[in-house]
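The next block holds one structure in the form of structure tokens; read it before the comments.
Numbering (the working numbering), first residue to last: 8 to 162.
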């Protein structure tokens, strides 16, 4: 029987996934055969997600009030901000005040879209492979480790 995952636990205050606990037997049901196949190519001592902490945020009217608190709480080293709707010097001013030392910016078209990919270069290396008005294709390497994580950001 294939494994069946229960819904993720969510925090009452924020609606965010609770990553403070380890998965237990109630989270996954599987046969012993499935357990042997899952993650067979990944060394047990290495987990990229332990090194790469990502966070995605839609820049709503509450952005300025909540962003700083969320960053202190979750301490991501890679952040995607969507629907920024800000261009030029104003965008750079905001980005520079968010606490990350590198960024990639896709400008909005009128009042639609706009994305900022923010990261700390000492923790993660990002190479933007391609981008359009509504997407960013990039790869990440956390703390000079392998494997490299390739991801797609959509607005």
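Idealized CB from N, CA, C, for every residue including glycine. Please read these numbers as outputs of a predicted model, since none were measured by experiment.
Check: Short Cβ contact (9 angstroms threshold) for residue 131 with residue 143; Outcome: no
Check: Counterpart residues of residue 103 in DSSP-defined beta bridges; Outcome: For residue 103, which the question treats as bridged, DSSP gives no partner whatsoever.
Check: Contact set for residue 106: own chain, Cβ-Cβ below 7 angstroms, skip 5 residues either direction; Outcome: 78
Check: Helix, strand or coil at residue 74 [DSSP, three-state]; Outcome: helix
Check: Between the CA atoms of residue 72 and residue 111 - distance to the nearest angstrom; Outcome: 23 angstroms
Check: Test item: CB-CB of residue 65 and residue 127 under 9 angstroms; Outcome: no
Check: Residue burial classification, residue 160 (beta-carbon count within 10 angstroms, cutoff 16); Outcome: buried
Check: Residues of its chain near residue 90, where Cβ-Cβ distance is below 7 angstroms and the 5 sequence neighbours each way are ignored; Outcome: 65, 66, 120, 121 and 162
Check: Three-state class that DSSP yields for residue 32 in the structure shown; Outcome: Note on residue 32: pLDDT 48, under 50, position unreliable in the model; the coordinate value appears next. Residue state, collapsed to three classes: coil.
Check: Assigned secondary structure, residue 137 (DSSP; H/G/I helix, E/B strand, else coil); Outcome: strand
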